[in-house]
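Note that my numbering has the sequence shown beginning at 188, numbered continuously upward. Please read the structure below before turning to the comments.
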Amino acid sequence: MMIFRIYKHDKNTLNFSWSKNKSWILECCSESRRIPEPLMGWVSAKDTNGQICITFDSKEEAIAFANRNRLDFTLQDSRERRLNPKSYAHNFAFNRRSQWTH
């Protein structure tokens with residue numbers, strides 16, 4: 188029996204863009220291990236279910252699709268990113284916790 192997971196795409200650490208993490212992904216959890224091939228070094232698996240990856244615009248659409256197709260799934264809610272806005276003037280503020288150094 189295949190188990191799917193529904194999660195929100197996280198921000199790539201190498202990219203400053205947040206555009207990709209608006210979508211929710213329904214992905215199949217692979218049941219077999221991935222094994223590197225000795226000749227070429229590519230990673231292979233015995234089942235092709237790990238290639239199933241469907242994107243949705245909202246979490247509700249992904250859940251409705253899984254329920255409509257009778258798929259067993261787990262839902263991983265995303266962590267909200269907490270922003271700490273600062274300005275350049277903050278470097279020179281009098282109420283800083285640490286000393287400003289070059």
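We put the CB at the ideal spot given by N, CA and C, even for glycine.
Cα-Cα separation between residue i and residue j, rounded to whole angstroms
i      : j      : result
Cys215 : Phe191 : 4 Å
Asp244 : Asp259 : 20 Å
Gln263 : Arg283 : 38 Å
Gln238 : Ala232 : 10 Å
Proximity below 8 Å, CB of residue i to CB of residue j
i      : j      : result
Thr166 : Ile212 : This structure cannot settle anything about residue 166, because the visible part of the chain is limited to 188 through 289.
Ser285 : Tyr194 : no
Identity of the residue in the options nearest residue i by Cα
i      : options                        : result
Ser210 : Trp229, Leu270, Glu247, Arg221 : Glu247
For residue i, three-class secondary structure by DSSP
i      : result
Arg283 : coil
Glu214 : strand
Arg268 : coil
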